[in-house]
Each structure stands twice: as structure tokens, then as C-alpha cells.
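Peer 1: Listed in order, the protein sequences are those of chains A and B. For what it's worth, UniProt numbering labels the leading residue of the first sequence as 1, then goes sequentially. For what it's worth, UniProt numbering labels the leading residue of the second sequence as 1, then goes sequentially. Heads up, the beta-carbon is just placed ideally off N, CA and C, and yes, glycines get one too. Provided herewith is a single structure, encoded as C-alpha cells, for subsequent inquiry.
Protein chains: 2
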Amino acid sequence: MMIEKKTDRRIKITKMLLRQSLLELMKEKPINKITITEICSHADINRNTFYTYYSTPDELLHQIENDLYDEIRHSVESSLQISTVSSSLLEIFTAISKNEDLCKILFSEFGDKVFLRKIMDIAYDRCITEWSEIAPDLPKRQLDLVYTFIANGCAGIIESWIQSGFKESPEEIAQIINTISSNGLQTFLMK
Amino acid sequence: MMIEKKTDRRIKITKMLLRQSLLELMKEKPINKITITEICSHADINRNTFYTYYSTPDELLHQIENDLYDEIRHSVESSLQISTVSSSLLEIFTAISKNEDLCKILFSEFGDKVFLRKIMDIAYDRCITEWSEIAPDLPKRQLDLVYTFIANGCAGIIESWIQSGFKESPEEIAQIINTISSNGLQTFLMK
DNA sequence: TCGATAAAACAACACTCTGTTCGATAAAAA
DNA sequence: TTTTTATCGAACAGAGTGTTGTTTTATCGA
Numbered sequence: 001m002m003i004e005k006k007t008d009r010r011i012k013i014t015k016m017l018l019r020q021s022l023l024e025l026m027k028e029k030p031i032n033k034i035t036i037t038e039i040c041s042h043a044d045i046n047r048n049t050f051y052t053y054y055s056t057p058d059e060l061l062h063q064i065e066n067d068l069y070d071e072i073r074h075s076v077e078s079s080l081q082i083s084t085v086s087s088s089l090l091e092i093f094t095a096i097s098k099n100e101d102l103c104k105i106l107f108s109e110f111g112d113k114v115f116l117r118k119i120m121d122i123a124y125d126r127c128i129t130e131w132s133e134i135a136p137d138l139p140k141r142q143l144d145l146v147y148t149f150i151a152n153g154c155a156g157i158i159e160s161w162i163q164s165g166f167k168e169s170p171e172e173i174a175q176i177i178n179t180i181s182s183n184g185l186q187t188f189l190m191k
Numbered sequence: 001m002m003i004e005k006k007t008d009r010r011i012k013i014t015k016m017l018l019r020q021s022l023l024e025l026m027k028e029k030p031i032n033k034i035t036i037t038e039i040c041s042h043a044d045i046n047r048n049t050f051y052t053y054y055s056t057p058d059e060l061l062h063q064i065e066n067d068l069y070d071e072i073r074h075s076v077e078s079s080l081q082i083s084t085v086s087s088s089l090l091e092i093f094t095a096i097s098k099n100e101d102l103c104k105i106l107f108s109e110f111g112d113k114v115f116l117r118k119i120m121d122i123a124y125d126r127c128i129t130e131w132s133e134i135a136p137d138l139p140k141r142q143l144d145l146v147y148t149f150i151a152n153g154c155a156g157i158i159e160s161w162i163q164s165g166f167k168e169s170p171e172e173i174a175q176i177i178n179t180i181s182s183n184g185l186q187t188f189l190m191k
């Protein structure tokens, strides 16, 4: 049984202010150049209060990231009706575009490169399952390498997509990725 | 005309010791957790001497990276005889496997994610040129997105390849990437 | 509305790393 | 050998950290 957390209004506000402050600073510089002192003075929160909830700026960032991760994963898993690889990818892209402002910061040049790849791994199990049904003889290592290729390719496109200011729709991005990953360069260039 | 640099023997040794020290420490933790004090005491070099050549650990790392970058770019450009995309990729993979020990550190979990993508951009011009000859009607943006996809896919595979301890040969890796990027998933899975 | 509770602010501390300056020492180049 | 210069050693203020107290203030529940 889940114990209901009665969170003091002040706690929510404090955490929210610290998050906003960090994200604001991350528009200017990477996380490892941002000090606790800086986050606090920008948020007008006592430095001591920071230590009540977090021990490092990294920890604060990870909590922000984890919240987004959970939201995206939930989006993907709750649309289980048509469970295909491309529908999973589309769900991810849609969830990202829904969190445009946040993602612009998290996936910017100062963002966490590892985090985007962690998000792409949400589709890992489904992909491997699907592919090993199609090609049961292919060794696991090969499947993994192919997944790595596509997942990293997607991550790169997402970064480019975000930095361009979401010019394409999620559907367009999913379409491009679907073409390139299913049919490869040749079909893409010859179409 | 190139001015010949007469470098004091001591300078070479000092720089070499500092490089080795940083790389040693990067086996344990990421660059942003490594202090100048630490690098120097591990190298048994006075902290003052560090500031003679570098101002931050980042700068030292970038010099190491740039040397490797130049070596790889030179490898790719000096094999201009058969100038194709896949031959460029193979050159990159070969150059990486030649610098196994260094790359294991630079592209590890504590490594610089941006640097590997910079290396992949060595093949950018050649790819775009080749592709736009094949498909002159395709808009630049689409070409760029496709390049981004493949370059990031390659970078991901390289990371996985290195972390596995170079199990495959450069040729095998180039072969896998060639299959997946030319013919896509379907041909790959059906073959 | 009031009182208990707990969050947040304020203040102070030792500690580490930084960036810099200065003079002394040791090794290389001339 | 003499000159040059790379390196060392010591010392400094400044900034950020992590921690421990105490005080103030807001929230929640009775």
C-alpha cells in the first residue's frame, strides 16, 4: 500500500524554484560549470535549503530528467494497442514535442548526451523482440549492434530536430526515420 | 615557410607526463571531476607548471583529442585514391583500432561524447557530395538529417565496439554499417 | 484562531581548489 | 662555461563546499 505523501506547500515551491533556476542557468552553460551557490542565489533560496533536498547540481538535474523519462515511458507503454517499433518511436517524438521548452534545454549543446540515449532505450525490448521473431537466426550481438545504430541515429535526429526549433512535426520525423531505417539509404535516395 | 620549433626536452616530458596522468585519471572518473591539483600530484609535476601550458583540465584533454583527430583525418584524406563513403568509414575504424588504448579511454563512459561525433563529421563533405549527385532533388535539410542519422548510428556502434574490447575487426564493423545504412533493416533481417 | 511542527533563513566554521606572484633551483642550449 | 629558461617551492586571496548550529517564519491540524 502506497503511503500518501502530504507535502508541505513550501517544499513544492522550493523544489520548483530550484529546478527553474537550474534550467535557466543551463541555457547559458553546462551543468558542470554551475555551482550550488549560483543556483541558490539565482533562485533566491538559502544554500542550506538546497542541501536539504539535493547534494549536487547533478542530483537536481537527474530528478528533472527522471520525471521526464517516466512521462515518456508512460506515454509509450500506455499506447500498447498497436505495439510496433515505429509507433513507439512516434510516441517518443510526440512526448518530446509536448515538452518542447524543457527538451530544448535538456537536449541542447549543454545538455546531457547520455540522457537522450537512455530515452531511446525505452524501445529496446520491443525492438529486439520484434526483430528476433523476424530473423531468429541472427546472433544477439548483431541485433544489439543494429539497435545501437538506429537508437543513436534517432537520438542524433532528435537533437537536430530540437535545435532547429521543432520545424518538422513528430509524424514527419517518424516518417524520415522509418524510411531510412527500414529501407536504408538506397531506397531513400532513389525514391 | 614553417618555422622549426626547437622544443626543450623538458617541455616534451612535462606535457607527456601531464597527458598520461589525465588519461590515467579518466579511467576512474569524468573530466569534470578531475582537478588540476590531482593531475599534477599524480604526475609529480608542480601545479605551477601546469598553468604554463594549460589553463584547465579541459584544455589539456582537447589537445589530446585534437592530436588524435588530426591523425584520423589525415588517414582518411591520404587514402584519396578510392574516395567512397564506405572507404572513409573503414579508414576511421582502422585508425581507431590503431589507437586502441587511447580510444578506450576517450570513448569510454567517462569520455567526451561530443568528440566522437566530431570525428564522424570528417566524412560529412564526402557523403553530402556523393549523395546529392545521386539524388539532386532531395532538399539539403533531408540530406543533413540522413547524414545525422548515420553518423550518430556509427558513433554508437563505435562506442559499443570499443567497450566490447574490439571483438570485431574494422572490416566487420564497416560491413555491418554498410549493410544497415545502404539496405536498411529489412534487407539486413531478411538476408 | 491558536499552538505545535517543520521548513527555510541566517551565521559561522574548516576545508579544498583555484589562479596568481615571487624568488630559488636545476637543466638545457649557446 | 655561461646564458637561458623550465621547473619548483612557498605563499596569498578568493570562491565554492559541506557541515553545524540557532533563529525566524510559514503551514497544518485541532
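With DSSP collapsed to three states, give me the class of P57(B).
Peer 2: Indexing the second sequence from 1 puts residue 57(B) at position 57. P57(B): helix per DSSP, three-state reduction.
Peer 1: Straight-line CA distance for L138(B) to S132(B)?
Peer 2: For the purposes of this step, residue 138(B) is identified with residue 138 of the second sequence, where counting begins at 1. For the purposes of this step, residue 132(B) is identified with residue 132 of the second sequence, where counting begins at 1. Cα to Cα, the separation comes out at about 7 Å.
Peer 1: If you drop the 5 nearest sequence neighbours on each side, which residues of the same chain put their C-beta closer than 7 Å to that of T37(A)?
Peer 2: As a working mapping, residue 37(A) is identified with position 37 in the first sequence. Closer than 7 Å at Cβ, skipping near neighbours: R47.
Peer 1: Taking 7 Å as the threshold (C-beta atoms), are G153(A) and N183(B) in contact?
Peer 2: The count along the second sequence starts at 1 and reaches residue 183(B) at position 183. The count along the first sequence starts at 1 and reaches residue 153(A) at position 153. No, Cβ-Cβ distance for N183(B) and G153(A) is not below 7 Å.
Peer 1: Could you check whether the Cβ of Q163(B) sits closer than 7 Å to any Cβ belonging to chain A?
Peer 2: Residue mapping note: residue 163(B) aligns to position 163 of the second sequence, counting from 1. Chain A, which has no Cβ nearer than 7 Å to the Cβ of Q163(B), makes this no.
Peer 1: What are the boundary residues of the alpha helix (DSSP H) that includes N152(B)?
Peer 2: Residue 152(B) sits at position 152 when you count from the first residue of the second sequence. Counting along the chain, the alpha helix (DSSP H) containing N152(B) begins and ends at 140 to 163.
Peer 1: Beta-carbon of V76(A) versus every beta-carbon of chain B: anything under 7 Å?
Peer 2: Locating residue 76(A) in the first sequence gives position 76, counting from the first residue. Not closer than 7 Å to any Cβ of chain B, the Cβ of V76(A) fails to qualify, so no.
Peer 1: Buried or exposed, going by whether 16 or more other CB atoms sit within 10 Å of the CB of P136(B)?
Peer 2: Indexing the second sequence from 1 puts residue 136(B) at position 136. That one is exposed.
Peer 1: Specify, as a first and last residue, the run of the alpha helix (DSSP H) that E130(A) falls within.
Peer 2: Position 130 of the first sequence holds residue 130(A). Run containing E130(A): 124 to 134, per the alpha helix (DSSP H) assignment.
Peer 1: Output the distance between the C-alpha atoms of I39(B) and R19(B), rounded to the nearest integer angstrom.
Peer 2: The residue labelled residue 39(B) in the question sits at position 39 within the second sequence. The residue labelled residue 19(B) in the question sits at position 19 within the second sequence. Cα to Cα, I39(B) sits roughly 9 Å from R19(B).
Peer 1: Report yes or no: is there a C-beta of chain A within less than 7 Å of the C-beta of S181(B)?
Peer 2: Reading the second sequence from its first residue, position 181 is the one you call residue 181(B). Yes - at least one Cβ of chain A is within 7 Å of the one on S181(B).
Peer 1: Are the region 48 to 57 of chain A and the region 86 to 96 of chain A touching, with three or more C-beta to C-beta distances below 8 Å?
Peer 2: Because the criterion of three Cβ pairs below 8 Å is not met, the region 48 to 57 of chain A and the region 86 to 96 of chain A do not touch.
Peer 1: Could you tell me which chain A residues have their CB closer than 8 Å to the CB of L89(B), listed as they occur along the chain?
Peer 2: The count along the second sequence starts at 1 and reaches residue 89(B) at position 89. Per Cβ cutoff of 8 Å: no residues; L89(B) is ~12 Å from chain A at best.
Peer 1: Can you tell me the Cα-Cα spacing of I119(B) and K167(A), whole angstroms?
Peer 2: Here the question's residue 119(B) lines up with position 119 in the second sequence. Here the question's residue 167(A) lines up with position 167 in the first sequence. Distance between the alpha carbons of I119(B) and K167(A): 27 Å.
Peer 1: Over what stretch of residues does the alpha helix (DSSP H) that includes K12(A) continue unbroken?
Peer 2: Numbered from its first residue, the first sequence carries residue 12(A) at position 12. Per DSSP, K12(A) belongs to the alpha helix (DSSP H) from 9 to 26.
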